[in-house]
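Numbering (this note's numbering), first residue to last: 54 to 614.
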Ligand code: HEM
């Protein structure tokens, strides 16, 4: 009855008549009115409305989406922090922080939580349709996975394993042979002109695969290709992994969760179909679909299950570990393969990028003298078929000059420079003194956190120098400053989700750098005469979303000493 009365009243009203006469126009008008009301709410009444930042960003998620689309998120966030300070609103529901206390609140948090849950972005990093440690979003899904393999990556294990088996040192020897054999002659001096980007990827891949699956099953991509079809295949497949489309525009996906869910379901289903067809044709087929690396990781895992190896590896832990009696907390064949595949990728991209930036910088004329300084600080090194002992590895890991170039590269060119998104848990939380409602995306960008540490940040953002000497302690006055830098350097993340492979990466990089400088002078050889056979530097705009060395093609002259 009441409805009839209201509709009779409305019938006579002018807006109602317009709505009947122009239904599409009025629908559009209603959307517009709702949009304006929403924008007004977000700008003036939302709990985040007092946080500084561009008004357009606060009003609509399209603002940051535009920069995501242009692969400029990291640079944009840097500019915003420069303009607005340590807290910036990036979207209606997203806030970026740079202070140490905020990083602690978000990423370390209460011990029960070990930081906030990860944002949906990470779900892109499943393999074979299975979650792994890196892609698990919540602490429940993550912590049992991490506990199962944490010991494999501890510093003690890395040192003892290396002193016993010498896998990394042998791979370093392979790199030195590669630098003497590959590339081309240069007009700029004796020695070979090496495209360092693939060389570093092969190095990182050979190391991480040997650590995960054992030396016998590890890739040997640095080996000589002559007459070795397997090595040729490995190299081609590793290069292929870096196709430009890989996870391109990844931040865009986070705004389209349902599309991402569809993508996951599609991946899972197509792989099931692939397997089904292959097993019909060949009952013993181990082909599972996906790239060479997907097959490599899965087949190694299956092989290790059938033929257990005495070697203590990450894969062995994955296959045998039981953390609790819960059936869900044990890896099945695909779960274990997904975990190992993820370690391969995490260990390849990051370590190789860091090495490439480092070698590229050190090969510039202004650092020739610094190369000499590092060289003269090095101890006598053993032949590559003879492992260094624990004391010998520790001497290199604590060499202040090697450390200075590694840390400076991690600081200025972090391999993962981007936003590491986290979600405020139910009930809301206080971050850096600000109350954030549940569901807010609260995060820090590694590059912004690192660079805001520097006194020159505010004055000279466009021209921050790679300056390894800032890590040297030459007087008492330097001590506190350097310790503070070390404490706050954030390139490996922090808290329960921080990098598990940090000690492996640092050991690989220190050993390699010592051997390179003991054998070669490094000179930039990118004079435009050599065409870069790849576009790797620009491909890396996906997850990294920044191509730091745009004008550098990656050629360095390795001049024998
Ligand atoms: C220079 C080298 C490296 C850098 C700069 C680096 C950086 C990072 C960062 C920033 C995170 C945290 C991501 C987040 O919180 O969202 C992370 C996590 C991770 N890293 Fe690394 N990483 C490096 C080398 C490695 C290596 C060699 C491995 C080998 C296995 C590895 C495996 C992982 C894994 C599995 C995680 C996820 C940990 C978890 O969720 O518990 N990383 N890394």
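For each residue, glycine too, the CB sits at the ideal point set by N, CA and C.
*asked:* Which residues does DSSP list as the beta-bridge partners of residue 144?
replied: By 1-based counting over the chain shown, the position of residue 144 is 91. The partner list for residue 144 (beta bridge, DSSP) reads 147.
*Is the beta carbon of residue 369 sitting closer than 8 Å to the one on residue 182?*
Taking the first residue of the chain shown as position 1, residue 369 is located at position 316. Taking the first residue of the chain shown as position 1, residue 182 is located at position 129. Using a Cβ distance threshold of 8 Å, residue 369 and residue 182 do not count as a contacting pair.
*Is the beta carbon of residue 395 within less than 7 Å of some heavy atom of ligand 1?*
Reading the chain shown from its first residue, position 342 is the one you call residue 395. Correct: residue 395 has its Cβ closer than 7 Å to ligand 1.
*Quick one: Cα of residue 492 to Cα of residue 146, how far?*
The residue labelled residue 492 in the question sits at position 439 within the chain shown. The residue labelled residue 146 in the question sits at position 93 within the chain shown. In a straight line, the C-alpha of residue 492 is about 8 Å away from that of residue 146.
*Ordered list of alpha helix (DSSP H) runs contained in the segment 235-307, each at least 4 residues*: 249-266, 282-294, 303-307
*When every heavy atom of ligand 1 is checked, does at least one fall within less than 7 Å of the C-beta of residue 400?*
Here the question's residue 400 lines up with position 347 in the chain shown. True, at least one ligand heavy atom lies under 7 Å from that Cβ.
*asked:* Taking the beta strand (DSSP E) that residue 484 belongs to, which residues open and close that run?
replied: Counting from one through the chain shown, the residue named residue 484 turns up at place 431. Following the DSSP letters along the chain, one finds residue 484 inside the beta strand (DSSP E) bounded by residues 482-484.
*Since residue 502 contacts residue 141 with CB under 8 Å, what's their CB separation in whole angstroms?*
Looking up residue 502 in the chain shown gives position 449. Looking up residue 141 in the chain shown gives position 88. No, residue 502 and residue 141 are not in contact; Cβ-Cβ is about 13 Å, not under 8 Å.
_residue 192: first and last residue of the uninterrupted beta strand (DSSP E) it sits in_ = Within the chain shown, residue 192 is the residue found at index 139, counting from 1. It is not in any beta strand (DSSP E) - residue 192 instead sits in the alpha helix (DSSP H) that spans 192-202.
*Of the choices 274, 137, 557, whose alpha-carbon is the least far from that of residue 204?*
Here residue 204 refers to the residue found at position 151 when the chain shown is read from its first residue. With distances taken between Cα atoms, residue 204 lies closest to 557.
_Enclosing beta strand (DSSP E) for residue 613 [first to last residue]_ = As a working note, residue 613 is residue 560 in the chain shown. Residues 608-613.
*Can you tell me the Cβ-Cβ gap for residue 443 and residue 208, rounded? I've got them flagged as a contact below 8 Å.*
For the purposes of this step, residue 443 is identified with residue 390 of the chain shown, where counting begins at 1. For the purposes of this step, residue 208 is identified with residue 155 of the chain shown, where counting begins at 1. With a beta-carbon spacing of about 10 Å, residue 443 and residue 208 fall beyond the 8 Å limit used to define contacts.
*Can we count residue 407 as close to ligand 1, meaning its CB is less than 7 Å from some heavy atom?*
Position 354 of the chain shown, counted from the first residue, corresponds to residue 407. Yes, ligand 1 has a heavy atom inside 7 Å of this Cβ.
_Taking 8 Å as the threshold (C-beta atoms), are residue 395 and residue 26 in contact?_
No information on residue 26 is available, as it lies outside the stretch 54 to 614 that the chain covers here.
*Which residue comes first and which comes last in the alpha helix (DSSP H) that contains residue 118?*
For this step, residue 118 is matched to residue 65 along the chain shown. Counting along the chain, the alpha helix (DSSP H) containing residue 118 begins and ends at 115-122.
*So the alpha helix (DSSP H) residue 430 belongs to, where does it begin and stop?*
Within the chain shown, the letter at position 377 stands for residue 430. Where residue 430 is concerned, the enclosing alpha helix (DSSP H) starts and stops at 421-430.
*asked:* For a test of your reading of the model: does the CB of residue 258 fall under 7 Å from any non-hydrogen atom of ligand 1? Yes or no.
replied: Taking the first residue of the chain shown as 1, we reach residue 258 at position 205. No.
*Would you decide whether residue 87 is buried or exposed? Buried here means 16 or more other CB atoms lie within 10 Å of its CB.*
Walking along the chain shown from the start, residue 87 turns up at place 34. The residue in question, residue 87, is exposed, as its Cβ has fewer than 16 Cβ neighbours within 10 Å.
*What separation, rounded to the nearest whole angstrom, lies between the Cα atoms of residue 298 and residue 607?*
In the chain shown, residue 298 corresponds to position 245, counting from 1. In the chain shown, residue 607 corresponds to position 554, counting from 1. Since pLDDT at residue 298 reaches only 48, below the 50 mark, its modelled position is unreliable, and the value read off the structure follows with that caveat. The straight-line gap from Cα to Cα measures roughly 21 Å.
*What are the uninterrupted segments assigned as beta strand (DSSP E) that are 3 or more residues long and contained completely in the segment 517-541, given in chain order?*
none
_Once DSSP output is grouped into helix, strand and coil, what is the label at residue 133?_
Taking the first residue of the chain shown as position 1, residue 133 is located at position 80. It is helical.
*CB of residue 180 to nearest heavy atom of ligand 1: below 7 Å?*
As a position in the chain shown, residue 180 is number 127, starting the count at 1. Result no, Cβ not under 7 Å from ligand 1.
_Within 8 Å, strictly: CB atoms of residue 448 and residue 570_ = Taking the first residue of the chain shown as 1, we reach residue 448 at position 395. Taking the first residue of the chain shown as 1, we reach residue 570 at position 517. Taking 8 Å as the Cβ cut-off, residue 448 and residue 570 do not qualify as a contacting pair.
_Restricting to Cα atoms, I'd like to know which of 74, 76, 186, 109 is closest to residue 91._
What you label residue 91 is simply residue 38 of the chain shown in a count that begins at 1. Residue 109 is the option with its Cα nearest to residue 91.
*Identify whether residue 222 lies in helix, strand or coil by the three-state DSSP scheme.*
The count along the chain shown starts at 1 and reaches residue 222 at position 169. Here residue 222 sits in helix by DSSP.
*asked:* What does DSSP give as the partner residue(s) for residue 488 in the beta ladder?
replied: Counted from its first residue, the chain shown places residue 488 at position 435. For residue 488, which the question treats as bridged, DSSP gives the partners 483.
*Extent of the continuous beta strand (DSSP E) to which residue 496 belongs*: Taking the chain shown and counting its residues from 1, the one referred to as residue 496 is at position 443. That run of the beta strand (DSSP E) goes 494-496.
_Pairwise C-alpha distance: residue 469 and residue 597_ = Here residue 597 refers to the residue found at position 544 of the chain shown. Here residue 469 refers to the residue found at position 416 of the chain shown. Residue confidence for residue 597 is low, a pLDDT of 46 falling below 50, so the modelled location carries little weight and cannot support an answer.
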